[in-house]
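Down below is the structure, laid out as structure tokens.
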Amino acid sequence: MQPVKIVAAIVIKPEYSQELFDVFQRLVLASRQEAGNLRYDLHQDIENPDRVVFFEIWRSQAAVDAHAATVHFQDFLKAIEGKTESLEIIQMHDISDNSSQ
């Protein structure tokens, strides 16, 4: 079973920046406590501070599915509704030669 890596890029409407940064931090803290989580990081674009990128690594697709069903993730979805310019989610598997490391 290969880990699932996720990149989620969100552009926040400027008037909601501070509110959503707090929401994002709560999501990171709660998600890192999940049994299937291997990594859950939040990054901010240097050139556009209203663009944030989550980088996640999950033990399996089942762990991703369990995460999507958690109360903290559902609360996150409700909190960002109507407050973002865009949301892009990419799920990936490592195909490089060092994928076993």
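The sequence shown begins at 8 in the working numbering and counts up by one. Just so it is clear, CB atoms sit at the ideal spot from N, CA and C, and this is done for glycine as well.
Practice task
Work out the CA separation of Tyr-23 and Arg-46 for me, nearest whole Å.
Solution key: Rounded to the nearest whole angstrom, the C-alpha separation of Arg-46 and Tyr-23 is 26 Å.
Extent of the continuous alpha helix (DSSP H) run through Ser-93
It is not in any alpha helix (DSSP H) - Ser-93 instead sits in the beta strand (DSSP E) that spans 91–99.
Inset, instruction - For Gln-51, name the three-state secondary structure that DSSP assigns. - result: strand
Exercise. Tell me whether the beta-carbon of His-74 lies closer than 8 Å to the beta-carbon of Phe-62.
Key: no
Nearest neighbour of Ala-38, chosen from Asp-57, Phe-83, Pro-21, Ile-53 [CA to CA]: Correcting the residue identity first, residue 38 is Ser in this sequence and not Ala. Taking only the C-alpha atoms, the option nearest Ser-38 is Phe-83.
Val-11 versus Ser-67, Phe-28, Ile-17, residue with shortest Cα-Cα distance: Ser-67
_Which residue marks the beginning of the alpha helix (DSSP H) containing Lys-85, and which one marks its end?_
78–87
**Straight-line gap, Asp-48 to Arg-33 (C-alpha atoms, nearest Å)** = 12 Å
Alpha carbon to alpha carbon, how far is Asp-29 from Ala-42? 23 Å
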